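Enquirer: Count along the sequence shown from 1, then add 572; that gives the number in my numbering.
Mind having a look at this structure? Questions to follow.
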Amino acid sequence: MDDTRQSVHGQWSGRWAFVFAATGSAVGLGNIWKFPYITGENGGGAFVLIYLACIAVIGIPIMMAEILLGRRGRGTPINTMRRLLREAGAHKAWQVVGWMGMLAGFLILSYYSVIAGWALAYVLRMGSGEFVDATPERVGELFAGLLASPGQLLFWHSLFMLMTMLVVARGVEQGLEKAVRFLMPALFVLLLIMVGYAMSMGAFSQAVDFLFSPDFSKITGTGVLIAMGHAFFTLSLGMGAIMIYGAYLPRHTSITQTSIMIAGADTLVALLAGLAIFPIVFANGLEPGAGPGLIFETLPIAFGHMPGGSLFGFLFFLLLVFAAWSSAISLIEPAVTWLVENRNMSRVRACVWAGLATWLLGIGTVLSFNYWSEIKLFGKTFFDLLDFLTANIMLPLGGLLIAIFVAWLLPRLSSQEELAMRSELAYHVWHGLVRYVTPLAVIIVFLNAIGVIG
Ligand code: PHE
């Protein structure tokens, strides 16, 4: 019955195109920049274990739910929800899933772009050989210098926003699809080389221990919330990015298989990043909980000392920029397509407006690392607050609503038809997870973090 429903924005050329685009969205700064630093801040092993559990029992089932909603609704998250709430006989208020997602994407991109700007700056720094033989202190100083300069931060943030909006203006399925196809594997290979190098550094077993032997006394209620929030963030869930990519998905592609592949690749990249970074941290007596600067203060030390390090470092940060780029595009895609579908704007015009608004808000993050670094609300800077609000609150809340909608309101027949699973049992497992486990887990983690229980 839905065979006639088509996205006005085109369709992926096939299953692999979708897998690569969704992996491009999932794999980004979240894996290489954020995962190591929040793992370091939250004590290591126990945090990693909770994060992995969240990927398996919340992330993958929600990813399947989002893709199936997207493919059935074939529109922007807001329009998809509007169509499907009719199918489900649900209240209009459910559109809020689409609205909140669009807002979350916009808020996230505003700071994501600033961090991607750091990576851009490091492409240049690596290429110019600035880190050759640099001591850990020198590497730390160079990073602090970047943060202290609003002009530099603003320049790189502006450049990254421009790059993002240029691709979005052309439409996601052109260009991006081809680029991601070989850049992702390249990033993967480079990470493997880094892990290989890290193994020779002496502190490798200490790093493995830190990452994989859980010590639950080190984890707090907020730590669990951050682990769960990160499962959503790293898989691009809870805000409609994966839903909108699902809208371009061909009819007969298996949603289950593709979801498992995407989540698997994403998790592997994060773990490899951890294995590449923590040996450097321990071998140089650095602080695992150093915060958002962690990769920028550790990796250059390794690149500065390994043979061919400037070239490897240059390539590494370049690939990191590409990974961030393909994620950034999916963050703003829901807002842009919404403007096109509902405000009758041309794609280019929609990009200009969405891009400008995001760029402006990003200035708040730029300043939070220098002029505004002492201005705090709930003990958090502007950047910290935005990150906490989006990743740890808005995305899990979006995921909670999606789970309730799919498993309690949408007719079973609809989800059965979309998932088209061969095994009854597999469908029941998925349905049970989305119906009970995900909503309960999210609610318990929320209550635990605010201290109501636990
Ligand atoms: N998943 C991306 C990353 O890990 C970030 C992202 C979040 C992208 C939400 C889209 C939507 O870097």
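Backbone N, C-alpha and C define an ideal beta-carbon position, used for all residues, glycine too.
Here the structure is a predicted model, which is why all the values come from computation and not from measurement.
Could you tell me the distance, in whole angstroms, from the CA atom of residue 958 to the CA atom of residue 964?
Expert: So the alpha carbons of these two residues sit roughly 10 Å apart.
Enquirer: I'd like the list of long-range same chain contacts for residue 933, defined as Cβ closer than 6 Å, with 5 residues on each side in sequence excluded.
Expert: Result list for residue 933: 682, in chain order.
Enquirer: Taking the alpha carbon of residue 612 as the reference point, which residue from 773, 779, 647 has its own alpha carbon closest?
Expert: Of the candidates 773, 779, 647, the one whose C-alpha sits nearest the C-alpha of residue 612 is 779.
Enquirer: With H, G and I counted as helix, E and B as strand and the rest as coil, what does DSSP make of residue 821?
Expert: Coil, per DSSP.
Enquirer: With 16 as the cutoff for other CB atoms within 10 Å, does residue 802 come out buried or exposed?
Expert: Buried, by the Cβ-count rule.
Enquirer: Three-state secondary structure (DSSP) at residue 949?
Expert: Note: residue 949 maps to strand in three-state DSSP.
Enquirer: Going by beta carbon distance, what residues of the same chain come within less than 7 Å of residue 923, once the five residues before and after it are set aside?
Expert: Cβ neighbours of residue 923 beyond the five flanking positions: 737, 740, 741, 908.
Enquirer: What is the DSSP secondary structure of residue 828, reduced to helix, strand or coil?
Expert: The answer is helix: DSSP assigns residue 828 an H, G or I state.
Enquirer: Residue 994 to residue 588, Cα distance in whole Å?
Expert: If you take the alpha carbons of residue 994 and residue 588, they lie about 21 Å apart.
Enquirer: The ligand PHE and residue 801: does the residue's C-beta get closer than 6 Å to at least one heavy atom of that ligand?
Expert: Every heavy atom of the ligand PHE is 6 Å or more from the Cβ of residue 801, so no.
Enquirer: By the 10 Å Cβ neighbour count, where 16 or more other Cβ atoms means buried, how is residue 697 classified, buried or exposed?
Expert: Buried, by the Cβ-count rule.
Enquirer: With 16 other CB atoms within 10 Å as the buried threshold, where does residue 914 fall?
Expert: It is exposed - the Cβ of residue 914 has fewer than 16 other Cβ atoms within 10 Å.
Enquirer: Alpha carbon to alpha carbon, what distance is there between residue 831 and residue 574?
Expert: Reliability fails at residue 574, whose pLDDT of 43 lies under 50, so the model's placement of it is uncertain and the value that follows must be treated cautiously. The alpha-carbon atoms of residue 574 and residue 831 are separated by roughly 21 Å.
Enquirer: Measuring only from the beta carbon, is residue 831 closer than 6 Å to any heavy atom that is part of the ligand PHE?
Expert: No, since every heavy atom of the ligand PHE falls outside the 6 Å radius drawn around the Cβ of residue 831.
Enquirer: Going by beta-carbon coordinates alone, are residue 680 and residue 845 separated by less than 7 Å?
Expert: No.
Enquirer: Mind checking residue 785: buried by the 16 CB within 10 Å criterion, or exposed?
Expert: That one is exposed.
Enquirer: Run the CB neighbour count on residue 584, radius 10 Å, all protein chains shown included, and call it buried at 16 or more, exposed below.
Expert: Buried, by the Cβ-count rule.
Enquirer: Heavy atom of the ligand PHE less than 6 Å from the Cβ of residue 602, yes or no?
Expert: Flag set: Cβ of residue 602 near the ligand PHE.
Enquirer: Using a Cβ cut-off of 7 Å (strictly closer), state whether residue 639 contacts chain B.
Expert: No chain B is part of this structure, which consists of one protein chain only.
Enquirer: For residue 669 and residue 636, what's the separation of their Cα atoms in angstroms?
Expert: The alpha-carbon atoms of residue 669 and residue 636 are separated by roughly 16 Å.
Enquirer: Identify every run of the alpha helix (DSSP H) within the region 726-795, keeping only runs that are complete inside it and at least 4 residues long; order them along the chain.
Expert: 748-771, 776-784, all fully within the region 726-795.
Enquirer: In the DSSP assignment, find the unbroken alpha helix (DSSP H) run with residue 705 in it and report its ends.
Expert: Counting along the chain, residue 705 falls outside any alpha helix (DSSP H), and DSSP gives it neither H nor E.
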